[in-house]
Each structure stands twice: as C-alpha cells, then as structure tokens.
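Those sequence lines, one after another, are chains A and B. Residue numbers for the first sequence follow numbering that gives the first Met the number 0, beginning at 0 and rising by one. Residue numbers for the second sequence follow numbering that gives the first Met the number 0, beginning at 0 and rising by one. Glycine included, every Cβ here is placed at the ideal spot set by N, Cα and C.
2 protein chains.
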Amino acid sequence: MLLYQKIRNYIQDLLSQGSMQPGSKLPSERDLQDTFNSTRITVREALARLEAEGVIYSQKRRGWFVTPQKLRWHPARKVNFNRLTNEQGFAPKTEVISIAPPSAMYSIANDYFNGDAVYQLTRVRKLDGRAILMEQIYCLAARFNGLEKQPLNGSITEIMSAQYQVEISHEQCVISVTVLPDDVALKLEKNSGAPCLKVKRARYDVHEQLVDYNIEYWLHDAIEMVVEGV
Amino acid sequence: MLLYQKIRNYIQDLLSQGSMQPGSKLPSERDLQDTFNSTRITVREALARLEAEGVIYSQKRRGWFVTPQKLRWHPARKVNFNRLTNEQGFAPKTEVISIAPPSAMYSIANDYFNGDAVYQLTRVRKLDGRAILMEQIYCLAARFNGLEKQPLNGSITEIMSAQYQVEISHEQCVISVTVLPDDVALKLEKNSGAPCLKVKRARYDVHEQLVDYNIEYWLHDAIEMVVEGV
DNA sequence: CAGTGGTCTAGACCACGAT
DNA sequence: TCGTGGTCTAGACCACTGG
C-alpha cells in the first residue's frame, strides 16, 4: 500500500475510533511526518485527500481539524436559515459584509435586471463559529428602496414579504463544484483553491418577474443537499 | 505573486486564448517545470488547483487535458440520458459493468428494502468517450424478475414502465461533494482521491413504495445541476 | 518567541502509456 | 524503449498563530 494511503488510513482510524471529536485538532504535520518516518510533502498528500473527501479541513495556518456534521439543505426551498440550522443542532450566525449602494455597474445587472440599478448584499454565514458560506444577493434598487436600512442579518425573504409585499413564487438553482475565488477564500479564512459548491439562484414572483439573484459559495464539506423531484 | 499562481495563470491564459480546445493535451509537467525554472512539486500544485476548479483534468498516466463543457443535469427529473446528452451536443454511451443476481446481502437491501433480495446493477456512462459517471442501481428482485435479461444500457425507467408496469411517481436525492472510492476511481480511469459529486437517489411509486435506490458518482467537473423549486 | 502551516528546491525511482 | 505521470525523500525559508 502507498505511504500516503497508510497515513490516510491512520487518520481515518483516529476519527472512526471516536478518539477525535468534530472540531478537534489533528496532530501537526511534522508530528505525522515523524510517526511515519516520512516527509511533509507525503503527509500533506494524505491530508489533502482527506480534505477533498470532506472528513477534515484546514484553517489558514492554524492547523487541521475534524469536519463537523454536514448541514442538510434544500437548495430549492424557502427555508429560514436560522430555524433550519437550529433544528439540526447548530448555532448559526449571519454577518453582513457589505451592502453596496444601488448601481447598474454589476455584470449581473446587465445579464438579469435589464441594466437597471441593483443592490449588492454580501453576507457570510457561520455554524458554531465556522464560516461555511459566503453569498452575494442582487435585487432591484427601485423595488426594494431603503433595503440598506433593514436588518440584513436575518431572512431576506421575510423582509421582502413584510416590508415590500413581494412574495417569491418559484426559483431555479444551478449547482456546480469549483474552487473558492481568492476574495471569497479570504472571507472564509480558507486557502486559495479550496473546493466549494457554487449555487446560482434566480427567484421569481408570480408575474415571472425576477425578484433577486444570489450567488452562494458553500464549503464543500459543510453541506449535503436534498432535492425532491416531480 | 506565488509561483504556483503564476503557473496557474499561465495555463488559464492558454485556455482563454482559445489556443487549447476542450479535450486537448496540456504541456507535460516537466515542460512546465522548465518553462518556469521550477520543480514538479510546484507545477503539480498549480495543476491540482486547476483540476479542483474543474478547468483541466488528468487521465491516469496519460496526461492533463482541457475539460469539456459541463452537462446540464436535472437531478430530480426523469430524463432520458441519451436524449438529454444528445440535445447538448454530446455523444453518450452506457456500459453495463455488472448485473448481480438477486441477493439480500447488500447493506442497502437491509436499509431500504426490508431485507428482501435485490438486484444490483452497475453501469458507467461516457460522454464523447470520457467516463464521467458510475452508478449502482438497486431494486427489488421480486418486482423486477428477469431484469438481467433486459437491455440494460438504456433507460431503466422505461424498462420498468414498459416491461413491468411500474411508474415512478416521485423521488428524493441527497447530493454531497466527496472523493471517488478507490474501486470507482479505477472504473473511471481516475486517480484515487479524485473529487466527485455523490448523488443518492430514492424513487417511489404512487403507493409510496420504494421502486429503486441509486448511488451515482459524477466527476465533479463534468456536471452542472439544475434544480427548480416550489 | 516557538511552533505551525504555506511554499519551494533538487533531486530520485517506479509503473504505465505510447510508439 | 522512452517519456509520462505517480509517489517519495531531505531538506529550506517565510508568514502567521498562539502562548
């Protein structure tokens, strides 16, 4: 068996024995190197594969940790993030990174909003202190005038409904696997190049009018998507 | 800027200039090493990140290639694979790896089929000669008696309907990002540890009875999922 | 300040693919 | 047979974290 596979199995055994709980820190790379009389390159090969598998994750220059349980998420359902995550035993937190003044300069505005001015809202969401998602929300400035004065760390859907009498009727998501763009990686305290799930979501009202357009970057190991069909 | 980022950008430029078409082969790792007066470790760092991003992919010991366009796939829709892929300009092919005789020994059988005997059908699907998916289909042996005598390289849904008068009413998928298990990696001619999308799908008839249970492993760069909601 | 992960060098051997 | 990618060694320096 290959050496990096041995190291991989060794760590997998650590996890399955229950001697390491979700969130706890793995031995340092140099410790593992000594344990296996190997080199850091090989150790990191094993760690990288376990990270890709989703069982461990790294925080920049802080070390390697055991991945918590995955959040079960329905991408095409209007669910309240706080409620859903609470139900699954997580402590959620939403941080507003920025709410940009209305502008027609985003390429999104041209592609989806007929070139009209839009708000751009950027948020990061955390579970138990771990940043797992960054999202950018675009919506028509004219339709949601004064959005920046609303409390934006909760449900946007609810604000749209309660404050603007806008109801979501249906939506379409496009989901792909890629890596975090560098700026997103920074916000999520991940290394450039970390894998992620990218979700692009367009939401419409009953008049087939686009209400908002979201781009979400989820850590690939933080989420499990549930989709029901037909 | 970091060296591996320079190499990454260099390759990205090659792609965006259009000088490399989907499917064509990249310069060898040692060529890139010479171009940048660097080492193979660093070159492979850049290649690994581009692979994670989904723009290039490796075939075992054959080299690095430009990723073809992604297939747009509705995970929760009963679509005919051949028809859908044809519409998107691909040449599809389905290979039956094995159809195992009815057995109650699979853990799936216990978890989903009340311990009754089930068929296990294993298939690989290709687009333009590239294996992008391996799936395992489990269904009740009693309900689909003689399944192994059917032509299994097409639509199972159609066989169930036409030969067994069983109609799918609805289904549920659970989608996560992980790595190919080693045996699947072999079948898809990928290295152990290649990232993938794992789709677990349960399909039911109108009587809420489980018709079949599928596990699909998609190459992470071969697919873009479309989900419609509410 | 000590230890950690992030990046990088300069080699090596092997198994497999193409020819 | 020769070139390729897959794996591995034995070091190094740096930036940042945590005490």
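Item                                                                                                                                                                                                          : Value
So which residues on chain B does alanine 51 of chain A lean against when the C-beta distance must stay under 7 Å?                                                                                            : Val178, Gly192 and Pro194
With DSSP collapsed to three states, give me the class of phenylalanine 64 of chain A.                                                                                                                        : strand
Output, in sequence order along the chain, the residues in the stretch 8–40 of chain A whose CB is closer than 9 Å to any CB in chain B.                                                                      : Ile40
Mind pulling the chain A residues with CB within less than 7 Å of alanine 75 of chain B?                                                                                                                      : Val226, Glu227, Gly228 and Val229
Assuming glutamate 52 of chain A and threonine 177 of chain B make a contact with CB atoms under 8 Å, what is their CB distance in whole Å?                                                                   : 5 Å
Among A:Gly22, A:Glu134, A:Ala161 and A:Ile214, which residue has its Cα nearest to the Cα of isoleucine 96 of chain A?                                                                                       : A:Glu134
Let me confirm a value: threonine 121 of chain A is counted as buried when at least 16 other C-beta atoms fall within 10 Å, else exposed. Which label applies?                                                : buried
Please compile the residues from chain A whose C-beta is within a distance smaller than 9 Å of the C-beta of valine 173 of chain B.                                                                           : Arg71, Glu223, Met224, Val225 and Val226
Would you kindly report the start and end of the unbroken alpha helix (DSSP H) that includes alanine 99 of chain A?                                                                                           : Unbroken run through alanine 99 of chain A is the beta strand (DSSP E), 91–102; no alpha helix (DSSP H).
Classify valine 165 of chain A: buried if its beta carbon has 16 or more other beta carbons within 10 angstroms, exposed otherwise.                                                                           : buried
Check whether the stretch 213–227 of chain B touches the stretch 68–77 of chain B, taking contact to mean three or more Cβ pairs, one atom from each stretch, closer than 8 Å.                                : yes
Valine 198 of chain A and cysteine 172 of chain A - do their beta-carbons sit closer together than 8 Å?                                                                                                       : yes
Would you mind stating whether alanine 116 of chain A and alanine 99 of chain A have Cβ atoms separated by less than 8 Å?                                                                                     : no
Relative to the C-alpha of tryptophan 192 of chain B, which candidate in B:Ser27, B:Lys5 and B:Gln58 has its C-alpha closest?                                                                                 : For the record, residue 192 of chain B in the displayed sequence is glycine; it is not tryptophan. Looking at the Cα atoms, B:Gln58 is the closest of the given residues.
By DSSP's criteria, isoleucine 55 of chain A is part of a beta bridge. Which residues make up the other side?                                                                                                 : A:Val65
Identify, in the order they occur along the chain, each residue of the same chain with its Cβ nearer than 7 Å to the Cβ of methionine 19 of chain B, setting aside the five sequence neighbours on each side. : Leu13 and Val65
Give the residues of chain A in contact with histidine 219 of chain B, contact being defined as C-beta atoms less than 7 Å apart.                                                                             : Val176
Give the residues of chain A in contact with histidine 169 of chain B, contact being defined as C-beta atoms less than 9 Å apart.                                                                             : Glu227, Gly228 and Val229
Give me the DSSP bridge partner(s) of valine 198 of chain B.                                                                                                                                                  : B:Ile174 and B:Glu215
Pairing CB atoms from the stretch 151–161 of chain A with CB atoms from the stretch 75–85 of chain A, are three or more of them under 8 Å?                                                                    : yes
List the residues of chain A whose Cβ lies closer than 7 Å to the Cβ of arginine 48 of chain B, in chain order.                                                                                               : Val178 and Gly192
So, is isoleucine 40 of chain B buried or exposed, given that buried needs 16 or more other C-beta atoms within 10 angstroms?                                                                                 : exposed
On the three-state DSSP scale, how would you describe alanine 141 of chain A?                                                                                                                                 : coil
Helix, strand or coil: how does DSSP classify lysine 24 of chain B here?                                                                                                                                      : strand
From valine 229 of chain B to leucine 1 of chain A, what does the alpha carbon distance come to, in whole angstroms?                                                                                          : 48 Å
May I ask you to report which of helix, strand or coil DSSP gives lysine 125 of chain A?                                                                                                                      : strand
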